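In the numbering used here, the protein residues as written are -15 to 376. Glycine is no exception: its CB is placed at the ideal position from the N, C-alpha and C atoms. A quick note: this is a predicted structure, and the numbers were derived from the prediction, not measured. A short worksheet on the structure shown next.
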């Protein structure tokens, strides 16, 4: 855990949706002596950034008997390699379906049956579903398979138990993104199309799957997670800068100044997930998770570049032109069926070049203050970067 130091003045401090009560069968698992016994927690996506960090935290907490699952093979005693998504040939037949919930029980039952072998068939008390395809680019079938149908598999497993485990879904704040500056946006607002990309659309669909669960659930929407082990946010920006593809982006005159964005450090997100395991009265809540202190994102990124020995971008382009270029590139990639990801996507531009701050009051009211002050977390992350580390 990070040591606290006085924050630097890079950040600016910022001054439930409740569901209907669940029936008794939807309560968190209660057993004789459960108050003293370890609580069983299943973490999906435990080979990834967020799920792996959570499993590492729970591994050293005597209150929990945690198991993690993920697609990759890892040599850990509390980890099992398991793909929650249906076979690719099954999902390919659903590529043009308009609904994410059209898979048959047989098509999604295989992984759920394998899950029943965990803890000798005993029910988990909580399932933290962090498994996802977290990428700004992919096909509809890929996102549906890995984000929506995998969620359905988790719920199918949970619903095999008479007393339902609590589901904690790790979603994303990007379900709320628009190609506009969003300042103090309502963090528990319903997600609505048009979405910033296929990832956001699929996570919004996964949220709706969870809301149909016959048991207690909580949805957390983290915004821009960073920290040691990150493979998406800052490493992507660093790679773009090193390849000369990342310009300084100039917002239009009507945009807010400075252009602020929320971030959340991985330690803070993990702490909120741990709190969500046990906190009573939050069933049916949706919360956007941030570090509580918006930052000038471009200035923060350039400061990290300096620490990592990466030259700052020298070109400056207007934001509208960058967004238009991303739209053209995506169109070319799709029409030409080019392999891989375009050098620039609309999702990345919307996430990076527009103000994105969210009202944190529901989160603080239900789960408390951030565990680590964001300014301190950024300072520690910057100090951890040796030359070229950010882009490695």
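| Item | Value |
| --- | --- |
| Alpha carbons only, please: which of 268, 349 and 365 is nearest the one belonging to residue 292? | 365 |
| Between residue 208 and residue 247, which are expected to be in contact by the criterion C-beta below 8 Å, what is the C-beta distance as a whole number of angstroms? | 5 Å |
| Starting from the C-beta of residue 167, find all residues in its chain whose C-beta is less than 8 Å away, skip the five residues before and the five after it, and write them out in chain order. | 240, 244, 339 and 341 |
| Compute the distance between the beta-carbons of residue 249 and residue 210, then report whether it is under 8 Å. | yes |
| Enumerated in chain order, which unbroken segments of the beta strand (DSSP E) with a length of 3 residues or greater are wholly contained in the segment 240 to 309? | 269 to 273 and 300 to 302 |
| What residues in its chain sit with their C-beta under 6 Å from that of residue 163, if we drop five residues either side in the sequence? | 334 |
| Can you give the Cα-Cα distance for residue 363 and residue 26, rounded to whole angstroms? | 32 Å |
| Determine the contact status of residue 103 and residue 150, defining contact as a CB-CB distance below 8 Å. | no |
| Leaving aside the five residues before and after residue 13 along the sequence, list all residues of the same chain whose C-beta is less than 7 Å from its C-beta, in chain order. | Residue confidence is low: residue 13 scores 47 on pLDDT, short of 50, so the model does not pin down where it sits. No coordinate-derived value is stated. |
| Output the distance between the C-alpha atoms of residue 218 and residue 294, rounded to the nearest integer angstrom. | 12 Å |
| Near residue 76, which residues of its chain fall below 8 Å by C-beta distance, leaving aside the five closest residues on each side in sequence? | Low confidence applies here, because residue 76 scores a pLDDT of 46, under 50, leaving its location unreliable and the question unanswered by this model. |
| Report yes if the C-beta distance between residue 177 and residue 132 is below 8 Å; otherwise report no. | no |
| Starting from the C-beta of residue 99, find all residues in its chain whose C-beta is less than 7 Å away, skip the five residues before and the five after it, and write them out in chain order. | 141 |
| Assuming residue 342 is part of the beta strand (DSSP E), what are its boundary residues? | 340 to 342 |
| To the nearest whole angstrom, what separates the beta carbons of residue 313 and residue 327, a pair I think is in contact under 8 Å? | 6 Å |
| In whole angstroms, what separates the C-alpha of residue 134 from that of residue 253? | 22 Å |
| For residue 117, does the three-state DSSP call read helix, strand or coil? | coil |
| Please determine, among 128, 112 and 251, the residue with the shortest C-alpha to C-alpha distance to residue 262. | 112 |
| Could you check the C-alpha separation between residue 325 and residue 265 for me, to the nearest Å? | 42 Å |
| Please state whether the Cβ-Cβ distance between residue 206 and residue 154 is less than 8 Å. | yes |
| Start and end of the beta strand (DSSP E) containing residue 204? | 201 to 206 |
| Take residue 83 and list the residues in its own chain whose beta-carbon comes closer than 8 Å to its own, dropping the five residues that flank it on each side. | Any answer about residue 83 is weak, because its pLDDT of 37 lies below 50 and its placement is not dependable; what the coordinates show is given next. Hits under 8 Å: none found. |
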